[in-house]
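K.L.:
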Amino acid sequence: MIQLSFLDYLAIEGRSFLHRFSPKAKIVGMGMVLIGIVTLRSFPGLLLLYGIMIALFFLARLPLKIFSLTFYPLIFAILFVSLSGFQIHFMVIVFLKVLSGSTGVVLLLSTTPYPLIFRTLDRFLPSLFVTALFLTYRSIFILIKILEETQYALYLRGGFQWGHPWRSLVNISHAFGHLIIKGIDASEKMYESMLLRGFKNRIHYRGE
Amino acid sequence: MSHIHLPDGILPVWLWVLGFIIAIVLAYVFLRLIRKESLAKRLPLLGMMVAVMVLGASVEIVPIAYHVNLTVISGILLGPSLIFLATFVVNVILALFGHGGLTVIGLNTLVLSIEGILGVLFFRLFWRIFKRISATTFLATVLALSLSTFSMIGVVSLGVSHYEELIHSGEKEGIFEFKLFKGDHHHHEGVKGRGDVDLKHFIVIVLSLGVIGWCLEGIVTTLICLYIYRLRPDLLKLEGRKV
Chain A
15 MIQLSFLDYL
25 AIEGRSFLHR
35 FSPKAKIVGM
45 GMVLIGIVTL
55 RSFPGLLLLY
65 GIMIALFFLA
75 RLPLKIFSLT
85 FYPLIFAILF
95 VSLSGFQIHF
105 MVIVFLKVLS
115 GSTGVVLLLS
125 TTPYPLIFRT
135 LDRFLPSLFV
145 TALFLTYRSI
155 FILIKILEET
165 QYALYLRGGF
175 QWGHPWRSLV
185 NISHAFGHLI
195 IKGIDASEKM
205 YESMLLRGFK
215 NRIHYRGE
Chain B
17 MSHIHLPDGI
27 LPVWLWVLGF
37 IIAIVLAYVF
47 LRLIRKESLA
57 KRLPLLGMMV
67 AVMVLGASVE
77 IVPIAYHVNL
87 TVISGILLGP
97 SLIFLATFVV
107 NVILALFGHG
117 GLTVIGLNTL
127 VLSIEGILGV
137 LFFRLFWRIF
147 KRISATTFLA
157 TVLALSLSTF
167 SMIGVVSLGV
177 SHYEELIHSG
187 EKEGIFEFKL
197 FKGDHHHHEG
207 VKGRGDVDLK
217 HFIVIVLSLG
227 VIGWCLEGIV
237 TTLICLYIYR
247 LRPDLLKLEG
257 RKV
């Protein structure tokens with residue numbers, strides 16, 4: 015989650031050809047990748063799609079550090095390949111679909127600043143929904159900051175230790191409780207400042 | 017555990033399209049139930065609670081592939097109507113972070129909202145019975161999570177014949193295949209044995225890991241609720257609580 019701010023930094027500071035592409039074209043491209051994932055069923059087809067995604071990743075000159083993010087969804091995919099009794103062919107197909115999708119998403123997020131993604135989505139989706147998405151994205155950064163401040167208090171109380179599961183659970187839960195209360199306070203302040211700036215159920219983006 | 021972490025392209029098209037249609041219709045109905053002014057005022061709160069759920073989901077308990085959803089506590093704080101919209105948004109964000117594919121967002125919204133809405137209703141019901149935060153929250157969370165896990169298993173089991181086709185796709189020629197509705201002419205259907213879908217195996221794994229996850233999340237949600245009850249009891253909107 016902490017990588018989110020790094021992805022944002024890459025999206026704003028990056029200078030590759032993919033960064034210069036219009037957000038609309040990239041969202042349409044992501045849609046095409048999704049269509050490919052849904053329709054492709056053979057190993058060569060999926061391998062080709064994944065190969066294209068990897069090539070785009072390197073052409074976009076993104077740091078290798080964030081490539082590891084594309085492997086994260088494999089944790090959950092392992093549970094579902096048990097459906098086939100762990101057959102190699104099914105596993106390879108599922109893993110290629112997972113990796114193509116996750117690489118596409120990482121590419122989109124690391125080459126397009128999030129206000130531009132939301133501005134583009136605002137043209138296709140209900141503005142209320144996009145506003146909720148935008149506020150969530152903003153809130154994640156606020157909460158990460160609160161969490162970083164809480165971390166020291168958490169360490170002082172013992173933090174998370176496998177040897178003390180109950181104390182760890184209490185600490186984690188209290189951290190979340192603290193996060194929720196602080197988050198609610200922050201959301202009230204956010205609403206007041208949005209109201210002062212003329213908020214009426216919709217966020218207006220630069221260039222509109 | 018209680019929502020679908022399936023990647024794109026695994027579930028049949030008719031299933032995830034239906035999931036999107038039902039989720040959009042329900043979102044429209046729930047939004048009509050909320051007054052416009054009240055919604056504008058609560059949008060930042062909704063965004064904040066969704067962000068809390070997203071952060072909760074990022075704390076992965078690796079050995080059992082489980083993460084807390086915090087849907088029940090969010091439902092208690094947001095109410096049953098707003099929690100539906102919140103689960104929709106949280107699933108979009110989680111899909112971007114790799115928790116299930118983008119095409120599964122509609123189905124995941126339905127599964128996760130079952131957890132959120134039932135969680136609130138159970139919480140209110142059990143509060144009237146027990147009048148104790150710990151018992152009320154733990155029971156409401158475990159019950160809501162177990163029901164949403166069963167609904168997830170139900171959704172996954174609807175696509176069994178599709179998974180079988182996918183397992184056998186290596187034996188076919190051609191690269192692309194697109195079917196909106198499943199045909200009844202497939203030569204593998206009805207033939208059990210080599211390469212068939214092992215749904216029982218999947219259910220056993222999900223439920224055995226799920227029980228641990230439900231209890232863990234039940235404890236975490238209870239402790240969070242107790243923390244909030246101590247500091248800001250007004251947020252829990254408890255009926256008949258002595259001030």
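Residue numbers (my numbering), protein chains in the order written: chain A, 15 to 222; chain B, 17 to 259. In this text, a Cβ means the ideal position worked out from N, Cα and C, and glycines have one as well. As the structure is a computational prediction, the values presented were derived from the model and not from experiment.
Let me know if residue 146 of chain A comes out buried or exposed under the rule of 16 or more other beta-carbons within 10 Å of its beta-carbon.
P.N.:
Buried is the call here.
K.L.:
Between which two residues does the alpha helix (DSSP H) containing residue 88 of chain B stretch?
P.N.:
Start and end: 87-94.
K.L.:
For chain B, find out if any of its Cβ atoms is closer than 9 Å to the Cβ of residue 177 of chain A; answer yes or no.
P.N.:
No, residue 177 of chain A does not count as interfacial toward chain B.
K.L.:
Could you name the residues of chain A that residue 82 of chain B contacts, counting a contact when the two beta carbons are closer than 8 Å?
P.N.:
Within chain A, no residue comes near residue 82 of chain B; the closest Cβ sits about 10 Å away, beyond 8 Å.
K.L.:
Residues in the same chain with beta-carbon distance under 6 Å from residue 207 of chain B, minus the five sequence neighbours each way, listed in chain order, please.
P.N.:
Residue placement at residue 207 of chain B is flagged as unreliable, the pLDDT there being 42, under the threshold of 50; the coordinate-derived value follows with that caveat. None.
K.L.:
Might you give, ordered along the chain, the residues of its own chain that have their beta carbon closer than 6 Å to the beta carbon of residue 240 of chain B, omitting 5 neighbours on each side?
P.N.:
Closer than 6 Å at Cβ, skipping near neighbours: 89.
K.L.:
Would residue 150 of chain A and residue 109 of chain B be called neighbours here (beta carbons separated by less than 9 Å)?
P.N.:
Yes, they are a contact pair.
K.L.:
Considering Cα atoms alone, identify which of A:76, A:20, A:161 and A:135 is closest to residue 218 of chain A.
P.N.:
It is A:135 whose Cα lies nearest to the Cα of residue 218 of chain A.
K.L.:
Whether or not the region 82-96 of chain A and the region 23-36 of chain A are in contact is what I'm after, with contact meaning three or more pairs of Cβ atoms, one per stretch, closer than 8 Å; do they touch?
P.N.:
Segments in contact, no.
K.L.:
If we count the other Cβ atoms within 10 Å of its Cβ and call it buried at 16 or more, is residue 324 of chain B buried or exposed?
P.N.:
Only positions 17 to 259 of chain B appear in the structure, and residue 324 of chain B is not among them; the question remains open.
K.L.:
Would you kindly check if the distance between the Cβ of residue 25 of chain B and the Cβ of residue 144 of chain B is under 9 Å?
P.N.:
Result no, Cβ atoms of residue 144 of chain B and residue 25 of chain B do not sit closer than 9 Å.
K.L.:
How big is the Cα-Cα spacing for residue 18 of chain A and residue 24 of chain A?
P.N.:
About 10 Å.
K.L.:
Can you give me the start and stop residues for the alpha helix (DSSP H) that residue 31 of chain A sits inside?
P.N.:
Note, residue 31 of chain A: alpha helix (DSSP H), 31-34.
K.L.:
Going by Cα to Cα distance, which pick from A:46, A:75 and A:173 is closest to residue 29 of chain A?
P.N.:
Comparing Cα positions, the closest option is A:75.
K.L.:
With 9 Å as the threshold, decide whether the Cβ of residue 191 of chain A is near any Cβ in chain B.
P.N.:
True, the Cβ-Cβ gap to chain B drops below 9 Å.
K.L.:
Going by other Cβ atoms of all chains shown within 10 Å of its Cβ, with 16 needed for buried, is residue 178 of chain A buried or exposed?
P.N.:
The residue in question, residue 178 of chain A, is exposed, as its Cβ has fewer than 16 Cβ neighbours within 10 Å.
K.L.:
Go through its chain and collect everything with a Cβ distance to residue 216 of chain A's Cβ below 8 Å, but skip five positions before and after it.
P.N.:
Hits under 8 Å: 141, 142 and 145.
K.L.:
If I follow the unbroken alpha helix (DSSP H) through residue 185 of chain A, where does it start and stop?
P.N.:
179-210 is the extent of the alpha helix (DSSP H) around residue 185 of chain A.
K.L.:
Taking the C-alpha atoms as reference points, what is the distance between residue 41 of chain A and residue 104 of chain B?
P.N.:
In a straight line, the C-alpha of residue 41 of chain A is about 19 Å away from that of residue 104 of chain B.
K.L.:
Answer with buried or exposed for residue 120 of chain B, where buried requires no fewer than 16 other C-beta atoms within 10 angstroms of its C-beta.
P.N.:
Per the 10 Å Cβ criterion, buried.
K.L.:
Between the region 120-139 of chain B and the region 28-45 of chain B, do three or more beta carbon pairs fall short of 8 Å?
P.N.:
As far as the Cβ criterion goes, the region 120-139 of chain B touches the region 28-45 of chain B, which means the pair count is three or higher.
K.L.:
My output table needs one value for residue 40 of chain A: the three-state DSSP class, helix, strand or coil.
P.N.:
Of the three classes helix, strand and coil, the one that applies to residue 40 of chain A here is helix, per DSSP.
K.L.:
Would you be able to state if there are at least three C-beta pairs under 8 Å between the region 215-223 of chain B and the region 139-159 of chain B?
P.N.:
No, the region 139-159 of chain B does not touch the region 215-223 of chain B.
K.L.:
Is residue 73 of chain B closer than 9 Å to residue 214 of chain A when the C-beta atoms are compared?
P.N.:
No.
K.L.:
Can you look up residue 30 of chain B in the DSSP assignment and give me helix, strand or coil?
P.N.:
Looking at residue 30 of chain B - three-state DSSP - the assignment turns out to be helix.
K.L.:
Which same chain residues, not among the five before or five after residue 157 of chain A, have their C-beta less than 7 Å away from its C-beta?
P.N.:
Result list for residue 157 of chain A: 193 and 197, in chain order.
K.L.:
Give the interface partners of residue 197 of chain A over in chain B, defined as CB-CB distance under 8 Å, in chain order.
P.N.:
Those within 8 Å of residue 197 of chain A in chain B are 64, 65, 67 and 68.
K.L.:
Give the residues of chain B in contact with residue 63 of chain A, contact being defined as C-beta atoms less than 8 Å apart.
P.N.:
Going along chain B, no residue has its Cβ under 8 Å from residue 63 of chain A, so there is no contact; the nearest lies around 10 Å.
K.L.:
State buried or exposed for residue 60 of chain B, treating a residue as buried only when at least 16 other CB atoms are found within 10 Å of its CB.
P.N.:
Buried: at least 16 other Cβ atoms inside 10 Å.
K.L.:
Who are the near neighbours of residue 51 of chain A in its chain, counting only those whose CB is closer than 6 Å to its CB and skipping five residues on each side?
P.N.:
These residues qualify, in order along the chain: 111, 114 and 115.
K.L.:
If the cut-off is 9 Å on Cβ atoms, which residues from the region 94-126 of chain B count as contacting chain C, listed in chain order?
P.N.:
Considering every chain present, this structure includes no chain C. Its protein chains are A and B.
K.L.:
Return yes when the Cβ of residue 141 of chain B is within less than 9 Å of the Cβ of residue 98 of chain B, no when it is not.
P.N.:
Going by C-beta atoms, residue 98 of chain B is not nearer than 9 Å to residue 141 of chain B.
K.L.:
Keeping to the same chain, check which residues put their C-beta closer than 6 Å to that of residue 60 of chain A; ignore five residues upstream and five downstream.
P.N.:
Answer for residue 60 of chain A: 54 and 110, listed in chain order.
K.L.:
Can you tell me the Cα-Cα spacing of residue 19 of chain B and residue 168 of chain B, whole angstroms?
P.N.:
For residue 19 of chain B and residue 168 of chain B, the distance between alpha carbons rounds to 6 Å.
K.L.:
So is the beta-carbon of residue 171 of chain A under 8 Å away from any non-hydrogen atom of the ligand MG?
P.N.:
No copy of the ligand MG appears in this structure; indeed no ligand is present at all.
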